[in-house]
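Each residue of the sequence shown is one higher than the one before, starting from 1 at the first, in UniProt numbering.
Heads up, the beta-carbon is just placed ideally off N, CA and C, and yes, glycines get one too.
Report on one structure; see the data block that follows.
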Amino acid sequence: MSSILQSSSAHLVSDGNIYAPTLFGYQRRETIPVSIGDLMLGSDFPIRIQSMTTVDTMDTHGSIEQSIRMIDAGCELVRITAPSVKEAQNLENIRKGLRAKGYKTPLVADIHFTPNAAELAARIVEKVRINPGNYADKKRFETIEYTETSYQAELERIRDKFLPLVKICKEYGTAMRIGTNHGSLSDRILSRYGDTPLGMVESALEFLRICEDENYFNIVLSMKASNTQVMVEAYRLLSKKLADGQFKAYPLHLGVTEAGEGEDGRIKSAVGIGTLLEDGLGDTIRVSLTEDPEFEIPVAKDLVNRYVGRNHPNAPIPSLLNLPAGFDSPINPFAHSRRKSAELLNFGGHQVPRVLADFSNLKSIGMEDLKAIGHFYLPEPDKWAMNDLGADYLYTGALDLDFMLPNGLKQIQSSKTWLASSTSEHQFPLFEAEEWLLSSKKHNQLNFVHADAEEVWTNEVLINALKSAQKEVLVLSSSFSNRMAALRRAFFELETQGIDIPVVIRLNYQDIASDQFQLFAPTDAGALFIDGFGDGLMLSLAGLQVQSSLENSTNFGILQACRVRISKTEYISCPSCGRTLFDLQETTARIRQVTDHLKGVKIGIMGCIVNGPGEMADADYGYVGIGKDKIALYRGQEVVKKSVPADSAVDELIQLIKEDGIWKDPQETNN
1 MSSILQSSSA
11 HLVSDGNIYA
21 PTLFGYQRRE
31 TIPVSIGDLM
41 LGSDFPIRIQ
51 SMTTVDTMDT
61 HGSIEQSIRM
71 IDAGCELVRI
81 TAPSVKEAQN
91 LENIRKGLRA
101 KGYKTPLVAD
111 IHFTPNAAEL
121 AARIVEKVRI
131 NPGNYADKKR
141 FETIEYTETS
151 YQAELERIRD
161 KFLPLVKICK
171 EYGTAMRIGT
181 NHGSLSDRIL
191 SRYGDTPLGM
201 VESALEFLRI
211 CEDENYFNIV
221 LSMKASNTQV
231 MVEAYRLLSK
241 KLADGQFKAY
251 PLHLGVTEAG
261 EGEDGRIKSA
271 VGIGTLLEDG
281 LGDTIRVSLT
291 EDPEFEIPVA
301 KDLVNRYVGR
311 NHPNAPIPSL
321 LNLPAGFDSP
331 INPFAHSRRK
341 SAELLNFGGH
351 QVPRVLADFS
361 NLKSIGMEDL
371 KAIGHFYLPE
381 PDKWAMNDLG
391 ADYLYTGALD
401 LDFMLPNGLK
411 QIQSSKTWLA
421 SSTSEHQFPL
431 FEAEEWLLSS
441 KKHNQLNFVH
451 ADAEEVWTNE
461 VLINALKSAQ
471 KEVLVLSSSF
481 SNRMAALRRA
491 FFELETQGID
501 IPVVIRLNYQ
511 DIASDQFQLF
521 APTDAGALFI
531 DGFGDGLMLS
541 LAGLQVQSSL
551 ENSTNFGILQ
561 ACRVRISKTE
571 YISCPSCGRT
581 LFDLQETTAR
591 IRQVTDHLKG
601 VKIGIMGCIV
611 NGPGEMADAD
621 YGYVGIGKDK
631 IALYRGQEVV
641 KKSVPADSAV
651 DELIQLIKED
661 GIWKDPQETN
671 N
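Right, dumping it as structure tokens:
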């Protein structure tokens, strides 16, 4: 059995890497039921969809109208911020207004630093959310040395502050979410556990133990982070620790906090939320986009509806019954580590995962077509240019090219075409597995071998050949309805067999819309890259005129969201709420407009001090609202400019980046 935490805290978790009902199919984790007003939450009920209002909580009419738009779009839980007692009091007016209009959707009060507001709200609404990192603590970013005695004294202090809320919730039948956020762990937790998934889990368990001591169990748990690796690892670890510690199986609320907007926000949300849904974890989700909340609902619906009707086990994968008793995952699912693979040209080893563009379904290929995958021919100087989303390989299938590809792009052909006509060392064949096994002619540098996932764990001849392969990259796909589970099973087989061949993940989709493609592909591929699998990615979507551009941006978006290949600026922007002190959507758009060429730079855009600086823990720079039209600028988690007027804050941010020597002028490309 593998040890699951490579840290000084490893003794806090038992051995074994299994955290979900199954790793090879879809099966919901069984939970206790939680009642939120008349709404039931848990594994016996559908996965619930929720969102959060963005208007000022003191704007009663605006809050009611926005809540109605959210509910009409399909929102089953409406969360409203209550940063102080006055907002908590106004929740009653909002609730009455909604009930008067015939809307009975449960309301959730979002609480951070104000226990008295939580205690009031718990008497009014159906659920309260508290953040254990700041409910009873003030974050000073200090490292404190604790003895066992002093640590226990801190826990008693927390108990005294938290216990009144627990008793009120129990008396009024109010549900509670204990919602840990990666960026707002207390100094106490950070000092003992570090900035880790284990710290996130222990932060919640401290509060959960107090609830269980009082026989209060109407609880939902969450482990949110902007970093998808950390978020997934924390939820998995929470699921395991609840089981190991003989806690009740509480429902889980899933979300990637500060996911951003548009395509990037959707892909990032799908990577985090979708990965966990594939594992059978998650009973309610919130997609956090920097957009109006009603636009979050269709995204959440598409993610959730994919699992409607998936029975357990869904499409059981052959050969699983042959696994040895006591099977354990060969990887550590609680700490990201990339699968070790042999380096071949620019695949595997320490190379970033490669992007393969699939043009094999086109009728013909011209120079102009390469714009869609980041390569631009400039006629006047007669040369090629490439942007940050330039694909690495182009699969042309049986098609011929009547022009030379740019140096940054290499061609892959079907094996039949390559065997019949290739004369260039820069053209590489893609064999089907059986063809490769039988072929006497192969490329002397690089061959691609396509296999269905099932072949990897059933075809002994193929397995033995892969063990000795030295000039090959395996291209894995699956025809199973639950393709992620099948591909994971294949990767586990490679690990178990000690095969270190580089692997490209190939996913083909048909009969789905483009917006679904940008959710389903990140779910399927993201789950594998989060597990550390994959040396390349090749996506295909049949039936769309603009498929090449969409496929390419999704390829790169997935790799960025999984933190395995950074190709563009990353924005950690909160989804807005009633605490927000400036127009988040407009400001985010302005900052993107002037900084989206800064490859690899992470910029946090936070509407209030509650969400920053803690929630942008991974950011290089931060733009945080601290008052009406007043902005604080951060370098990491350090304030470097205070009370900057909002109308000049973007320019000041640029100046700060320039001072650090990171700024580059935008590259002029003909796109």
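inquiry  = Going by DSSP, what residue range makes up the alpha helix (DSSP H) through residue 622?
reply    = Taking the sequence shown and counting its residues from 1, the one referred to as residue 622 is at position 622. Here residue 622 belongs to no alpha helix (DSSP H); instead the beta strand (DSSP E) covers 621–627.
Three-state class that DSSP yields for residue 411 in the structure shown = Reading the sequence shown from its first residue, position 411 is the one you call residue 411. In this structure, residue 411 counts as strand in the three-state DSSP scheme.
key: Residue span of the beta strand (DSSP E) that contains residue 197, given as start and end   = In the sequence shown, counting from the first residue as 1, residue 197 sits at position 197. Where residue 197 is concerned, there is no enclosing beta strand (DSSP E), although the alpha helix (DSSP H) around it starts and stops at 197–213.
key: Closest residue to residue 459 among 60, 561, 433 and 513 (Cα-Cα distance)   = Within the sequence shown, numbered from 1, the residue matching residue 459 stands at position 459. Among 60, 561, 433 and 513, the Cα nearest to that of residue 459 belongs to 433.
request  = May I ask you to list the residues that DSSP assigns as paired with residue 181?
outcome  = Within the sequence shown, numbered from 1, the residue matching residue 181 stands at position 181. DSSP output for residue 181 lists 224 as bridge partner(s).
query = With a Cβ-Cβ cutoff of 8 Å, do residue 490 and residue 436 count as a contact?
reply = The sequence position of residue 490 within the sequence shown is 490, counting from 1. The sequence position of residue 436 within the sequence shown is 436, counting from 1. Pairing residue 490 with residue 436 gives a Cβ-Cβ distance that is not under 8 Å.
request  = Decide if the region 31–49 is in contact with the region 255–269; the criterion is three or more beta carbon pairs, one per stretch, under 8 Å apart.
outcome  = Taking a contact to require three or more Cβ pairs closer than 8 Å, the region 31–49 and the region 255–269 do not qualify as touching.
Backbone secondary structure at residue 663 - three-state DSSP = Looking up residue 663 in the sequence shown gives position 663. In the structure shown, residue 663 sits in coil (DSSP, three-state: anything other than H, G, I, E or B).
task = Alpha carbon to alpha carbon, how far is residue 20 from residue 281? Give it in angstroms, no decimals.
result = Here the question's residue 281 lines up with position 281 in the sequence shown. Here the question's residue 20 lines up with position 20 in the sequence shown. Rounded to the nearest angstrom, the gap between the Cα atoms of residue 281 and residue 20 is 7 Å.
inquiry  = Between which two residues does the beta strand (DSSP E) holding residue 376 run?
reply    = Residue mapping note: residue 376 aligns to position 376 of the sequence shown, counting from 1. Per DSSP, residue 376 belongs to the beta strand (DSSP E) from 375–378.
Cβ contact check for the region 194–208 and the region 224–241: 3 or more pairs under 8 Å = Contact between the region 194–208 and the region 224–241 is present, because at least three Cβ pairs lie under 8 Å.
message = Measuring only the C-alpha atoms, how far is residue 84 from residue 91?
response = Taking the first residue of the sequence shown as position 1, residue 84 is located at position 84. Taking the first residue of the sequence shown as position 1, residue 91 is located at position 91. Cα to Cα, residue 84 sits roughly 11 Å from residue 91.
key: Distance between beta carbons of residue 373 and residue 567, contact taken as under 8 Å   = In the sequence shown, the residue the question calls residue 567 occupies position 567. In the sequence shown, the residue the question calls residue 373 occupies position 373. 13 Å between Cβ atoms; not a contact.
task = For residue 303, collect the residues of the same chain with a Cβ closer than 8 Å to its Cβ; drop the 5 residues on either side in sequence, then sort them by chain order.
result = Residue numbering aside, residue 303 sits at position 303 when the sequence shown is read from its first letter. The residues are 269, 270, 273, 274, 277, 285, 287, 519 and 523.
task = Measuring only between beta-carbons, confirm whether residue 51 sits less than 8 Å from chain C.
result = The question asks about chain C, but that chain is absent: this structure has only one protein chain.
ask   = Across which residues does DSSP place residue 79 in a beta bridge pair?
value = Taking the first residue of the sequence shown as position 1, residue 79 is located at position 79. Bridge partners of residue 79: 52 and 108.
message = Per DSSP, what are the beta-bridge partners of residue 450 in this structure?
response = The residue given as residue 450 occupies position 450 in the sequence shown. Answer is 432 and 475, bridged to residue 450.
Cβ-Cβ separation, residue 117 to residue 111 (assumed contact under 8 Å), whole Å = The count along the sequence shown starts at 1 and reaches residue 111 at position 111. The count along the sequence shown starts at 1 and reaches residue 117 at position 117. With a Cβ gap of about 6 Å, residue 111 and residue 117 count as contacting.
Helix, strand or coil at residue 58 according to DSSP, with G and I counted as helix = The sequence position of residue 58 within the sequence shown is 58, counting from 1. Secondary structure at residue 58: coil, using DSSP grouped into helix, strand and coil.
message = If you reduce the DSSP assignment to three classes, tell me which class residue 147 lands in.
response = Locating residue 147 in the sequence shown gives position 147, counting from the first residue. Residue 147: coil per DSSP, three-state reduction.
key: Residue burial classification, residue 157 (beta-carbon count within 10 angstroms, cutoff 16)   = The sequence position of residue 157 within the sequence shown is 157, counting from 1. Residue 157 is classed as exposed because its beta carbon has fewer than 16 other beta carbons within 10 Å across all chains shown.
Residue 321 - DSSP class collapsed to helix/strand/coil = Along the sequence shown, read from residue 1 onward, the residue named residue 321 stands at position 321. Its pLDDT being 45, under 50, residue 321 is placed unreliably in this model, and the coordinates cannot settle the point.
request  = List the DSSP bridge partners of residue 639.
outcome  = Locating residue 639 in the sequence shown gives position 639, where the first residue counts as 1. Paired residue(s): 634.
query = Who pairs with residue 358 in a beta bridge, going by DSSP?
reply = Along the sequence shown, read from residue 1 onward, the residue named residue 358 stands at position 358. For residue 358, which the question treats as bridged, DSSP gives the partners 395.
task = Indicate whether residue 291 and residue 258 have their beta-carbon atoms separated by less than 8 Å.
result = Taking the sequence shown and counting its residues from 1, one reaches residue 291 at position 291. Taking the sequence shown and counting its residues from 1, one reaches residue 258 at position 258. Against a cut-off of 8 Å, the Cβ pair of residue 258 and residue 291 comes out as no contact.
task = Inspect the beta-carbon positions of residue 509 and residue 521 and report whether they are closer than 8 Å.
result = Numbered from 1 along the sequence shown, position 509 holds the residue referred to as residue 509. Numbered from 1 along the sequence shown, position 521 holds the residue referred to as residue 521. Yes. Within cutoff.
key: Neighbourhood of residue 339 by C-beta, 6 Å cutoff - its chain only, sequence neighbours within 5 removed   = Here residue 339 refers to the residue found at position 339 when the sequence shown is read from its first residue. Only 532 and 533 meet the Cβ criterion.
query = Does the beta-carbon of residue 67 have 16 or more other beta-carbons within 10 angstroms, so that it is buried, or is it exposed?
reply = Within the sequence shown, the letter at position 67 stands for residue 67. Buried, by the Cβ-count rule.
ask   = So what's residue 164 in DSSP terms, helix, strand or just coil?
value = For this step, residue 164 is matched to residue 164 along the sequence shown. Judged by DSSP in its simplified three-state form, residue 164 adopts helix.
inquiry  = Taking the alpha helix (DSSP H) that residue 549 belongs to, which residues open and close that run?
reply    = Counting from one through the sequence shown, the residue named residue 549 turns up at place 549. It spans 547–561 - the alpha helix (DSSP H) in which residue 549 sits, taken as one unbroken run.
task = Give the secondary structure of residue 26 by DSSP, where H, G and I count as helix, E and B as strand, and everything else as coil.
result = Translated into the one-based positions of the sequence shown, residue 26 becomes position 26. In the structure shown, the three-state DSSP call for residue 26 is coil.
task = Leaving out five residues on either side along the sequence, give the residues of the same chain with a beta carbon under 7 Å from the beta carbon of residue 618.
result = If you number the sequence shown from 1, residue 618 lands on position 618. Excluding sequence neighbours, residue 618 sits near 226, 227, 572 and 602.
message = Quick check on the burial criterion: 16 or more other C-beta atoms within 10 angstroms. Buried or exposed for residue 449?
response = Within the sequence shown, the letter at position 449 stands for residue 449. Under the 10 Å beta carbon count, residue 449 is surrounded by 16 or more other beta carbons and is classified as buried.
key: Candidates 162, 128, 145 and 209, of which the one nearest residue 176 by Cα   = Taking the first residue of the sequence shown as 1, we reach residue 176 at position 176. Residue 176 has its Cα closest to that of 128, out of 162, 128, 145 and 209.
query = In or out: residue 605 buried (at least 16 other Cβ within 10 Å) or exposed?
reply = Start at 1 with the first residue of the sequence shown, and residue 605 comes out as number 605. Buried, because 16 or more other Cβ atoms sit within 10 Å of the Cβ of residue 605.
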